[in-house]
Amino acid sequence: MFDTIGFYFFAGLAVISAVLVVTRRNAVHSAIFLITALLATAGIFLQLHAEFLFIVQVILYVGGIMVLFVFVIMLVNLDVAIHQMQFNRMWLVALLLTIALGAQVYMVFHYAHAGMTEPLFHLQPARASDLEPNTELIGATLFSQYMLPFEIASILLLVAMIGAVVMAKRKV
Amino acid sequence: MLNSLYEFFKPHLLPLLFALVIVALLPLVAGYVVLLERKVMADMQARLGPMRVGPHGLLQPIADALKLLIKEDIIPENADKWIFWLAPLTSVAAAMLAMAAIPFGPFFQIADLNIGLLFILGIGSMGLFGIVLGGWASNSHYSLLGALRSAAQLVSYETAAGMAIVSGVLLGGTLSTRGLVEAQASGHVWFIFVAPVGFFIYLVASIAETNRAPFDLPEAESELVAGYMTEYSGFRWALYFLGEYANMIVVASIATTLFLGGWLRPFSSWHKADFLDYFPMLLMLLVAGYSLYRAPKQPVAVQKIFMVAVAGLCFLLAVVLGLPQFAPAGSAFVAMKPGVHGAFWFLLKVGVYLYLFLWLRFTFPRFRFDQLMKVGWHLLIPVSIVNVFGIGVALYLHRSPEQGGYGWGMISSVGVTTLFTLLIAAWLLKKHEQAPATPAAEKF
Chain P
0 MFDTIGFYFF AGLAVISAVL VVTRRNAVHS AIFLITALLA TAGIFLQLHA EFLFIVQVIL
60 YVGGIMVLFV FVIMLVNLDV AIHQMQFNRM WLVALLLTIA LGAQVYMVFH YAHAGMTEPL
120 FHLQPARASD LEPNTELIGA TLFSQYMLPF EIASILLLVA MIGAVVMAKR KV
Chain Z
0 MLNSLYEFFK PHLLPLLFAL VIVALLPLVA GYVVLLERKV MADMQARLGP MRVGPHGLLQ
60 PIADALKLLI KEDIIPENAD KWIFWLAPLT SVAAAMLAMA AIPFGPFFQI ADLNIGLLFI
120 LGIGSMGLFG IVLGGWASNS HYSLLGALRS AAQLVSYETA AGMAIVSGVL LGGTLSTRGL
180 VEAQASGHVW FIFVAPVGFF IYLVASIAET NRAPFDLPEA ESELVAGYMT EYSGFRWALY
240 FLGEYANMIV VASIATTLFL GGWLRPFSSW HKADFLDYFP MLLMLLVAGY SLYRAPKQPV
300 AVQKIFMVAV AGLCFLLAVV LGLPQFAPAG SAFVAMKPGV HGAFWFLLKV GVYLYLFLWL
360 RFTFPRFRFD QLMKVGWHLL IPVSIVNVFG IGVALYLHRS PEQGGYGWGM ISSVGVTTLF
420 TLLIAAWLLK KHEQAPATPA AEKF
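Taken in order, these protein sequences are the chains called P and Z. Using numbering that gives the first Met the number 0, read the first sequence as starting at 0 and increasing by one per residue. Using numbering that gives the first Met the number 0, read the second sequence as starting at 0 and increasing by one per residue.
Have a look at this one:
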C-alpha cells in the first residue's frame, strides 16, 4: 500500500512539475520545477531499488546540468525576457501531435492485451534483497555486454568536449 | 490501518531514532563549531575570544541562537518571495539529508546504502541550489555575484573532489561507506597512506566546496558585503549558517570515512597498541578534571554551577567510554565497546579535520577569482586524473601473479605511482610559473 502511495506521489509530482515547467513565465521558476520533476523521477528509480540510477540522476541532472542551467538563466536579463513573447502559439500542430501520440499509446496497450493471455507490463515483483546490487550490475553490463556502445558514447562526449574547448579558445 | 502503519515503520524505528538525534543535535553542534572557530581564531590572534556568556563563552551559541530567533525577519521589496523563503531551507535540508549515509560508528548509522558515498556527494551538492537561488531571489547585485561565483566554484571543484574520491573508492572496491571502513580495517592501512595525493586534493576541493576561506569568494566581505546572503537577516541567515556548518561536518565525515579510517582506532589491528583504548576515557577525565579545577575561579555562581555541570558531563562520558575496558568479559558493556569507541574515534577525526579547516582559514589570505579557477582547472583536475590513473596501475601491480598482476609489494607500487603523480604536479606548477601572468579577470 505504501509503495503505491509513494509511486503516485512521485509520479504526480513529476507530471505536475513538468507541466509547470512549460507554463511558468519566469525562467528561474521553470528551472526549479524542472529540478522537482527530475527529483521525482529519481524517487521512482529509488522505489524500484535502482539506487545507482537514482543517484546518477541526482548527481548528473540535478547537481550538474541544472546548476549550469540556473547559472546561465541568472545571467539573462529576466525583466526583459518576462515581458517578451516567449512561445510560438501553434495550438493546431500541438493538438494533432498529442492526438497521434495518444492513439499510439492506446494501440500498444490494446493490441498487446488482445494478443496475449498475460497482461502486458505486469512483471512479477522481485524482492529487493534477492537482487544483485544495482551498481555492480550496471558496471558489469556496461563493460562486458555493451562495451562498444559505451566506448562510442564516451568518444562522442570527448569530441563534444574538445569541440567546446576549441570554440572557446578561438574567441579569446 | 494503524497496525499496518506500525508494521511498516517497525523495521525503521532505530534509523528514525538516529535521524531524530541528528536533526536535534545538529544545530547545537553547529553552534559549538562556530564557538570553536571563534575561540581558535582568538587563540591564533592572541586574544581571548568570547568570554562573557557562560564560563569561557560556553553559552555563547545559545545566546546567539536566541538573538537570531527574535530578530526582525526582513524580506526585500522586490525579492522573489517564494524562492527567497525556499532557498535557505534547501541548503539545510540537503546537508541534513546527506548525513543519512554517514557511519558515525559501526552501529550509529541511519542507512548503510549500497551507493552510500555517491548519496552523500549527490545530495550534498544540492545544497548549492540554496545558495544560487537565494542569491538570485534577493534581487541584489552583490547577492547575484556571490551566487554566480558559488556556482562556478562548485562546478569547477566538484570534478576534482569526485576524482579524489574515486581514488579512494578504487582502493576500497565499494561505494558503501561501511564497506570502505571495513576495507581499511582488513587492509590494515588507512587510505590516506596509500593515496596521499588523493587526500590532499580532496582537502583543497572540500574547502572550496564549502565556501570556506581561503576560497570564500562567494561571501567575500571586502568585495561583496556578504555575498549571496547579503539580503538575509534573522533566522533565515542562521539557516544559511547552519547549512554551511552542517556541510563542513559532511565533507569532514566523507574525508574521515574514505581516507582516515572512519571509526577505526589508530593501529587498530596491532595488539601492542591496545593501550590506546584507554585514551578516550583518559581524555574525558582530563577535561572533567580541568573543568572542576577551573570551576571555583569563575566570577559568578551560575558560571560555577555550569562549569561543574560540564565536568559532570565529561565524567559521565568517561564512565561510558571506560566501562567496556574494566567490565568483566562477556558482559553487555563489552559488547557496547565497538559502538561507543567507534563513535568517539570518528568524531575525534572529524574534529581534527575541522580544526584543519579553521587553521587554514586563519593562515591563508583569500584567493582572487582567476587564481581560484586556475588552481582548480589547471592543477587540481589534471593531477587528480593522473592520481586515479596511478592508483589503478598500483592496484594492478601489487596484485599477486595468480590474480593477473605482477606481485609487487603494496609499498613499492604505491610509492612509485605516488612519486609519478607528484612529478606531474611539480611539472604543472613549474609550467604555470613560467607562463606569463594573465591579466586579472574582472568578469566575476
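Cβ coordinates follow ideal geometry from the N, Cα and C atoms, glycine included. Note that the structure is a prediction, hence the values are computed from the model and not measured.
Report yes or no: is there a C-beta of chain Z within less than 8 Å of the C-beta of residue i?
i: P/Leu-157; result: no
i: P/Gly-62; result: yes
i: P/Phe-51; result: yes
i: P/Leu-19; result: no
i: P/Leu-67; result: yes
i: P/Thr-134; result: yes
i: P/Phe-70; result: yes
i: P/Ile-58; result: yes
i: P/Ile-54; result: yes
i: P/Met-73; result: yes
i: P/Val-27; result: yes
Determine, using beta carbons only, whether residue i comes closer than 8 Å to chain P.
i: Z/Ser-124; result: yes
i: Z/Ala-182; result: no
i: Z/Glu-441; result: Note that Z/Glu-441 scores a pLDDT of 47, beneath 50, so its modelled location is shaky; the value from the coordinates is reported in the next line. It does not; no Cβ of chain P falls within 8 Å.
i: Z/Trp-135; result: yes
i: Z/Ile-114; result: yes
i: Z/Ala-146; result: yes
i: Z/Phe-118; result: yes
i: Z/Gly-121; result: yes
i: Z/Leu-27; result: no
i: Z/Ile-390; result: no
i: Z/Leu-379; result: no
Verify whether the separation of the beta carbon atoms of residue i and residue j is less than 8 Å.
i: Z/Val-91; j: Z/Leu-238; result: yes
i: Z/Gly-167; j: Z/Leu-257; result: yes
i: Z/Leu-421; j: Z/Ile-200; result: no
i: Z/Gly-171; j: Z/Val-249; result: no
i: Z/Ala-160; j: Z/Ala-110; result: no
i: Z/Ala-317; j: Z/Leu-291; result: no
i: Z/Leu-346; j: Z/Phe-234; result: no
i: Z/Tyr-227; j: Z/Pro-213; result: no
i: Z/Leu-263; j: Z/Ala-184; result: yes
i: Z/Pro-54; j: Z/Phe-305; result: yes
i: Z/Phe-361; j: Z/Met-40; result: yes
i: Z/Ile-410; j: Z/Val-382; result: no
i: Z/Ala-326; j: Z/Val-333; result: yes
i: P/Val-61; j: P/Leu-37; result: yes
i: Z/Tyr-352; j: Z/Thr-255; result: yes
i: Z/Met-43; j: Z/Ala-93; result: no
i: Z/Val-193; j: Z/Val-392; result: no
i: Z/Ala-151; j: Z/Ala-86; result: no
i: Z/Leu-223; j: Z/Tyr-289; result: no
What is the residue span of the alpha helix (DSSP H) that residue i lies within?
i: Z/Met-372; result: 368 to 373
i: Z/Ala-274; result: Looking at the sequence itself, residue 274 of chain Z is Phe, so the reference to Ala does not match. No alpha helix (DSSP H) contains Z/Phe-274, which DSSP labels as neither H nor E.
i: P/Leu-19; result: 1 to 22
i: Z/Ser-461; result: The question about residue 461 of chain Z has no answer, for chain Z in this structure spans 0 to 443.
i: Z/Asp-63; result: 59 to 68
i: P/Ile-219; result: The requested residue 219 of chain P does not occur in the structure, where chain P is confined to residues 0 to 171.
i: Z/Gly-408; result: Per DSSP, Z/Gly-408 belongs to no alpha helix (DSSP H) and is neither H nor E.
i: Z/Leu-238; result: 233 to 258
i: Z/Glu-76; result: Careful: Z/Glu-76 lies outside any alpha helix (DSSP H) and carries neither H nor E.
i: Z/Thr-229; result: From DSSP, Z/Thr-229 is part of no alpha helix (DSSP H); its letter is neither H nor E.
i: Z/Glu-71; result: Looking at the DSSP string, Z/Glu-71 is not in any alpha helix (DSSP H), and its letter there is neither H nor E.
i: Z/His-11; result: Counting along the chain, Z/His-11 falls outside any alpha helix (DSSP H), and DSSP gives it neither H nor E.
i: Z/Met-306; result: 300 to 325
i: Z/Met-335; result: 331 to 362
i: Z/Phe-464; result: With chain Z running from 0 to 443 in the structure shown, residue 464 of chain Z is simply not present.
i: P/Ser-29; result: 26 to 46
Rounded C-beta distance between residue i and residue j? I'm assuming under 8 Å.
i: Z/Asp-276; j: Z/His-340; result: 7 Å
i: Z/Met-95; j: Z/Ala-245; result: 6 Å
i: P/Ile-137; j: P/Phe-9; result: With a Cβ gap of about 21 Å, P/Ile-137 and P/Phe-9 do not count as contacting.
i: Z/Phe-128; j: P/Ile-54; result: Between P/Ile-54 and Z/Phe-128 the Cβ distance is about 17 Å, and since that is not below 8 Å, they are no contact.
i: Z/Ile-390; j: Z/Leu-116; result: That pair is no contact at about 16 Å.
i: Z/Leu-15; j: Z/Asn-113; result: At roughly 21 Å, the Cβ-Cβ gap does not stay under 8 Å, so Z/Leu-15 and Z/Asn-113 are not in contact.
i: Z/Ala-294; j: Z/Val-286; result: Actually they do not touch by this definition, with Cβ atoms about 13 Å apart.
i: P/Ser-16; j: P/Phe-6; result: Incorrect: roughly 16 Å between the Cβ atoms, too far for contact.
Runs of 4 residues minimum, wholly inside the region 143 to 219 of chain Z: which ones carry the alpha helix (DSSP H) assignment?
Complete alpha helix (DSSP H) runs here, min 4: 176 to 186, 190 to 193 and 195 to 208.
What are the complete alpha helix (DSSP H) segments, minimum 4 residues, inside the region 52 to 78 of chain P?
Unbroken alpha helix (DSSP H) runs of no fewer than 4 residues, entirely contained in the region 52 to 78 of chain P, are found at 65 to 74, following chain order.
Whole alpha helix (DSSP H) runs in the region 93 to 127 of chain Z with 4 or more residues, listed along the chain?
Correct list: 115 to 124.
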